[in-house]
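Chains as they are written, first to last, in the numbering used here: chain U, 1 to 245; chain L, 246 to 406.
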């Protein structure tokens, strides 16, 4: 890809169309076809966004850690790994925010309160803040390689929070229900289309994440290229000024 | 050789300096926010989290201190009058009466797990905050009434221990 081209390819355009179809399907299954819960009523429909959004955030932060690890471990460190790590973290932060907001609304309707300082909610808020900090570190002054080195180390440390968040409901007594989707031992019961709608949400959000990361890491490549070009121009100007060829 | 891009525009220089500070401010703000979150969690943890059967028997669950007590709302025990709510909370066959000055909100009902914040006064748990828990079970509302009734009855007896 040249710096002047866009961020889309035929593959990403096809993926984008698939994501649009899946989002529409999820809206139909989540809001129309799946039944209300006997206790929560229609409130249960928040689950089809809340659970997939935190699931996607976990994937995003895990990908950030993997790319950061690859960047640090390779002899010839390619900034492409760093850009994917950064793009993935940005989108992960977005999905954690969605999870926190939808969880808060769900909590108000089921628990009777928007927020409690219990283990799951607190650790999720801490995860969000950690990755906001990671994004801030990426913006600190320095070269692309300094940025990549600093943020890679931080990403490898921050990812350790994910097991803490996920299993916090087992480690501490919590108002939040136990781990469900990613826990094979959990006694989960989802009637009829509820389980299918949740699964559809997981697939939809995961593919949406892939689409967003592909575009965002290409945008980052353009940003890096733009910054490099600015430096090249400055060097040329100084050379001209000094009469150096 | 100085490779810094030249500019005569002072406002541009000031703007760049300002932009340079923003990430540092964000890092400091994130660290401060993290500290606040951890502090809030630890402060909240001061109220010991006990099951009904642990009140007065487990270390940290003494009745004379502020507690968070979790249990199941006993079937047929909910009474609402003068804007207040009282009910019996049960866990592992142990019971405690709870009084709360208000409507608990959420999906509060019989046979549902709740967490009550407060303290024990003369054998009654005087609560100033009720939170309703929800399990991992999601049951369709339009199933046959008999199925639902059977499941709810079974769930209530299982939850109560």
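Backbone N, C-alpha and C fix where the C-beta goes; we use that ideal spot for every residue, glycine too.
Taking C-alpha atoms, which residue in the options lies nearest to residue i?
i, options, result
"residue 287 (chain L)", "U:89, U:115 and U:119", "U:119"
"residue 376 (chain L)", "L:386, L:367, L:355 and L:350", "L:350"
"residue 146 (chain U)", "U:239, U:70 and U:79", "U:79"
"residue 149 (chain U)", "U:69, U:176 and U:15", "U:69"
"residue 135 (chain U)", "U:82, U:54 and U:235", "U:82"
"residue 157 (chain U)", "U:171, U:131, U:172 and U:138", "U:131"
"residue 174 (chain U)", "L:273, L:293 and L:267", "L:293"
"residue 91 (chain U)", "U:235, U:102, U:213 and U:17", "U:213"
"residue 56 (chain U)", "U:207, U:110, U:195 and U:14", "U:207"
"residue 143 (chain U)", "U:195, U:224 and U:49", "U:224"
"residue 66 (chain U)", "U:153, U:239 and U:233", "U:153"
"residue 201 (chain U)", "U:99, U:140, U:86 and U:235", "U:99"
"residue 253 (chain U)", "U:234, U:229, U:222 and U:240", "No information on residue 253 (chain U) is available, as it lies outside the stretch 1 to 245 that chain U covers here."
"residue 89 (chain U)", "U:237, U:177 and U:129", "U:129"
"residue 266 (chain L)", "U:141, U:49 and U:210", "U:141"
"residue 126 (chain U)", "U:163, U:106 and U:110", "U:163"
"residue 45 (chain U)", "U:87, U:190 and U:160", "U:190"
"residue 337 (chain L)", "L:370, L:298, L:345 and L:273", "L:298"
"residue 11 (chain U)", "U:203, U:210 and U:53", "U:210"
"residue 273 (chain L)", "U:133, U:112 and U:110", "U:133"
Taking Cβ positions only, does residue i come closer than 9 Å to chain U?
i, result
"residue 341 (chain L)", "no"
"residue 354 (chain L)", "yes"
"residue 336 (chain L)", "no"
"residue 406 (chain L)", "Because residue 406 (chain L) sits at a pLDDT of 46, beneath the cut-off of 50, its placement in the model cannot be relied upon, and the point is left open."
"residue 332 (chain L)", "no"
"residue 386 (chain L)", "yes"
"residue 302 (chain L)", "no"
"residue 315 (chain L)", "yes"
"residue 380 (chain L)", "yes"
"residue 320 (chain L)", "no"
"residue 351 (chain L)", "yes"
"residue 377 (chain L)", "yes"
"residue 361 (chain L)", "no"
Mind checking if residue i is an interface residue toward chain L, Cβ cutoff 9 Å exclusive?
i, result
"residue 196 (chain U)", "no"
"residue 3 (chain U)", "At residue 3 (chain U) the pLDDT is 49, less than 50, meaning the model places this residue with poor confidence and gives no usable figure here."
"residue 47 (chain U)", "yes"
"residue 240 (chain U)", "no"
"residue 201 (chain U)", "no"
"residue 129 (chain U)", "yes"
"residue 86 (chain U)", "no"
"residue 217 (chain U)", "no"
"residue 100 (chain U)", "no"
"residue 36 (chain U)", "yes"
"residue 132 (chain U)", "yes"
"residue 33 (chain U)", "no"
"residue 65 (chain U)", "no"
"residue 20 (chain U)", "no"
"residue 224 (chain U)", "no"
"residue 155 (chain U)", "no"
"residue 117 (chain U)", "yes"
"residue 56 (chain U)", "no"
"residue 229 (chain U)", "no"
"residue 82 (chain U)", "no"
Between which two residues does the alpha helix (DSSP H) containing residue i stretch?
i, result
"residue 313 (chain L)", "First-last for residue 313 (chain L): 312 to 318, but that is the beta strand (DSSP E), not the alpha helix (DSSP H)."
"residue 52 (chain U)", "47 to 73"
"residue 176 (chain U)", "That residue, residue 176 (chain U), is in no alpha helix (DSSP H); it is neither H nor E in DSSP."
"residue 131 (chain U)", "119 to 138"
"residue 88 (chain U)", "79 to 110"
"residue 170 (chain U)", "161 to 171"
"residue 146 (chain U)", "144 to 158"
Got a sec, what are the start and stop residues for the beta strand (DSSP E) residue i sits in?
i, result
"residue 371 (chain L)", "369 to 377"
"residue 243 (chain U)", "No beta strand (DSSP E) contains residue 243 (chain U), which DSSP labels as neither H nor E."
"residue 336 (chain L)", "329 to 336"
"residue 17 (chain U)", "That residue, residue 17 (chain U), is in no beta strand (DSSP E); its alpha helix (DSSP H) goes 10 to 28."
"residue 364 (chain L)", "358 to 366"
"residue 344 (chain L)", "339 to 345"
"residue 325 (chain L)", "324 to 326"
"residue 295 (chain L)", "293 to 296"
Contact between the stretch 69 to 83 of chain U and the stretch 23 to 33 of chain U: three or more CB pairs below 8 Å? no
Whether or not the stretch 43 to 61 of chain U and the stretch 95 to 115 of chain U are in contact is what I'm after, with contact meaning three or more pairs of Cβ atoms, one per stretch, closer than 8 Å; do they touch? yes
Using 8 Å as the cut-off, can you tell me whether the stretch 31 to 41 of chain U makes contact with the stretch 367 to 386 of chain L, which would need three or more C-beta pairs spanning the two stretches below that distance? yes
Evaluate contact between the stretch 269 to 283 of chain L and the stretch 328 to 337 of chain L, counting only Cβ atoms and requiring at least three cross-stretch pairs below 8 Å. no
Indicate whether the contact test is met: 3 or more Cβ pairs, each with one atom in the stretch 350 to 365 of chain L and one in the stretch 152 to 168 of chain U, closer than 8 Å. no
Residues from the stretch 140 to 153 of chain U in contact with chain L, defined by Cβ distance under 9 Å: 140 and 141
Short-range partners of chain L found in the stretch 165 to 181 of chain U, where Cβ spacing is below 7 Å: 173, 175, 177, 178 and 180
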